[in-house]
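Inspection log for the structure reproduced underneath, given as structure tokens.
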Amino acid sequence: MGRQNVAIFISAFTLITWLNCVHFSEQNITTHDLGQDITRVVTDANSDVYVGGVNFVARFTNKLEDQIRSISIGPVYEAKDCAPNRAPCNNTVRVLELIKELGVLLVCGTAYDGTCTLHRLVDLTEWFCLVGNIDPGASVFTSHATNQTTVVHLLPPIDDISSTPSQSTGDDYECRHQNFSLHFSNVANNGILAAIKETQIATFRNKLVKRSNTTPSQDWLSPTARVMVAGNIQRSDISNPVMLSMRNIRFSGNHFIIDYVNDPETQKKGLDIDPKIRSNFAIDYKFSFTWANFSYFLTVQEDIKGDQKKSITKLSRVPNNSSQIVPFVEVTLECDQNRTINNLATTATFVQTDFPLNGTFVPIPVLLVAFGRGVTPQSTTVDPSKGGSLCAFFIEDLAKNEFDYALNNCNKGDNMLVEPPYWITGASKECQSVNLTGQKNLYVKSISEVSSKSLLNASTFIRAAYSYVPKLSNTPDSKYSNIIDVFFITGTGSMENMNLQVSTSDKPVATVNLLVNMDLPFGKEMMEQGLTPVGFLDDLRTNLYLAVGSKIMRMSVNFCRQFPNCEQCMSSHEVYTCKWCPHLNICQDSKLTCNGRDEGSCPPKLEKFSPEFFPTEGGSLLTLDIANYRMPENDTLKVNV
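The sequence shown maps to residues 1 to 641 in the UniProt record's numbering.
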């Protein structure tokens, strides 16, 4: 905190001031420059950090101080391994996922037709090429395409699936921000799903990083992992896999295999775009997550009604049941910014908050979506000059009022209230009655639009958002609060930290409590070059990792933790409510407890005084330099001269 210079006479005195200046400390922020562009960041249960980027994969300790291992996956020099791009080419990581059931890291790059590899977490140099057993295209998640997107998330084990589709408490198993742009332009491009020829598999299996000759140990013999993959498909040089599919990854014999979840085995399990419109129909996948036995996908796509075409944001849903992937249901989402509708989602984050009710805690899943709008209704990209907004959507509320409405009103003949999406191949022209455990060829959508009031109006659009729910105290068995901490990165290169408090009567409501702004160490570079950050919250919800270009930053998600001492902690009260916990020696969010031993303020401290020598007779003006200068009723500082 700052110091106060006070001029007084040498007689008895009392010191008074208010503290209103925050000096942000970077003591708990670590930055590291890897020298190569970073495209993906994930962490494991031990909070080790895995980073993927242009031609490399690396593993760091949680403080980014020590690099445990780094391997090279490019560049690639042979034309057939770069095709259709020219050789040499970079191998850029577009999918980086931890598969905990198998103890491996899934790495998918842009070279070798997007072949994926699995790397053992304890030793990244021990790896296997992921091979499709029934369909070779099942092993490919990404491609060379620079204008398409893909999202990937892991599904809960089959044994964890509840028989109740929307009322179970659910778990936030995995959700990933898959918005990636080559060289971090404003157009997201994670790559697309693409098939490969069977004869090519052996070729790029040998061309990838030299495979370890170590025989895999028994701990690799793990349960089957299920992965939900969705991506827009626009390839003509090779066969296309389905747009949205569920896949199994398992260890078999001496290698890993991946296949579509089939029912029956000869039929791919998933949804696809109608071939008649595939060449000019694009779906920009922004975000995906799981909740209560369903997978949700947030997309920006075109919508055609008669001769009118416009860009809209959709939230679609499919069941995670192992025997089927339908019905497919979708709704349109919008965000009301001061009576102006923002229709293009830029990023999203999903979090579960616990609401206290009748002596217990009720889980409330919340989807926070940042929106912007384009120059015209047909625009697919956001115009930064038009600003942005943040809206909250409650998943249980959507499930009951929108998705269930679509399912219950689909079988209406010529007067049906719900129509099938025109862009899905094989979609029925007439809705069928719904049985979540029975019907297979059912695709329906809700025609309604869900508009939410903006929680935040920004002068520019929001590039990325991350959220978590803090515990009520530091005890291991502490419950989580109904407060959601949200970090979002703006187009001007700053980070905002916002608190949302969830309350409920007839339905949940989110309100904004606090707002903090800080300039990122690389914010100016991000703004000037139009870079888009990638990031990840660790499993312990203690650190947020952000990467822009070749630089990666670690910071505590508890914003107050950035202040290293009592003075800086308590001086933050004008913009963020923090308090000092002396026995823990940490700055803590004031809504959390210090286990019953709170400190209300820091004691005043005399830094220096001048002049150091003065006459003993008569009056003399004495200047004191004092930290933590307080009101008389709170603090009195006596100085004996």
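Here a beta-carbon is modelled for each residue, glycine too, at the ideal position from N, C-alpha and C.
Per DSSP, what kind of secondary structure is residue i in: helix, strand or coil?
i	result
residue 568	helix
residue 401	helix
residue 556	strand
residue 496	strand
residue 453	strand
residue 218	Summary for residue 218: the model assigns pLDDT 44, below 50, so the residue's position carries little reliability; its value from the coordinates is reported in the next sentence. Residue 218: helix per DSSP, three-state reduction.
residue 278	helix
residue 465	strand
residue 372	strand
residue 523	helix
residue 329	strand
residue 316	strand
residue 252	strand
residue 395	helix
residue 138	helix
residue 550	coil
residue 378	coil
residue 612	coil
residue 384	helix
residue 297	strand
residue 198	Unreliable positioning characterises residue 198 in this predicted model, as indicated by a pLDDT of 28, which lies under 50. A coordinate reading is not provided.
Excluding the 5 residues preceding and the 5 following residue i in the sequence, name in chain order all residues of the same chain whose CB lies nearer than 8 Å to its CB.
i	result
residue 88	75, 76, 77 and 82
residue 642	This structure gives no information on residue 642, because the portion of the chain shown stretches from 1 to 641.
residue 259	132, 133, 134, 135, 138, 247 and 248
residue 373	340, 341, 342, 343, 344, 379, 382, 383 and 386
Measuring from the CB of residue i, is there a heavy atom of the ligand GDP at a distance below 6 Å?
i	result
residue 290	The ligand GDP is absent from the structure shown, which contains no ligands of any kind.
Between the Cα of residue i and the Cα atoms of the options, which residue gives the shortest distance?
i	options	result
residue 485	424, 553 and 392	392
residue 230	141, 552 and 310	141
residue 72	62, 488, 92 and 86	92
residue 33	556, 551, 569 and 94	551
residue 228	622, 86, 321 and 353	321
residue 303	325, 288, 317 and 280	280
residue 154	483, 114, 467 and 97	97
residue 526	462, 337 and 578	462
residue 121	45, 112, 66 and 108	45
residue 369	325, 311 and 315	315
residue 99	125, 66, 152 and 80	152
residue 643	571, 493, 528 and 502	Examination of residue 643 is not possible in this model, given that the chain is present from 1 through 641 alone.
residue 318	223, 399 and 363	399
residue 106	570, 90 and 124	124
residue 453	112, 336 and 465	336
residue 276	612, 423 and 101	423
residue 245	271, 404, 300 and 610	271
residue 226	308, 101 and 128	101
residue 645	115, 113, 150 and 372	Only positions 1 to 641 of the chain appear in the structure, and residue 645 is not among them; the question remains open.
residue 524	491, 502 and 425	491
residue 455	500, 464, 466 and 425	500
residue 70	348, 112, 119 and 365	119
residue 299	273, 586, 338 and 347	347
residue 113	353, 287 and 80	80
residue 274	301, 450 and 425	425
Excluding sequence positions up to five away, which residues of its chain have a Cβ less than 6 Å from the Cβ of residue i?
i	result
residue 170	Unreliable positioning characterises residue 170 in this predicted model, as indicated by a pLDDT of 30, which lies under 50. The coordinate reading is nonetheless provided below. 291 and 292.
residue 554	30, 64, 543 and 545
residue 606	626
residue 68	59
For residue i, collect the residues of the same chain with a Cβ closer than 7 Å to its Cβ; drop the 5 residues on either side in sequence, then sort them by chain order.
i	result
residue 38	51, 53, 534, 547, 550 and 552
residue 602	566, 567, 570, 580 and 628
Please specify which runs of the alpha helix (DSSP H), each continuous and at least 4 residues long, are wholly inside the segment 37-125, giving them in chain order.
79-82
For the segment 324-332 and the segment 376-385, state whether three or more C-beta atom pairs, one from each stretch, are separated by less than 8 Å.
no
Check whether the segment 332-351 touches the segment 381-397, taking contact to mean three or more Cβ pairs, one atom from each stretch, closer than 8 Å.
Segments in contact, yes.
Counting pairs of Cβ atoms below 8 Å between the segment 285-300 and the segment 250-263, do you hit three or more?
no
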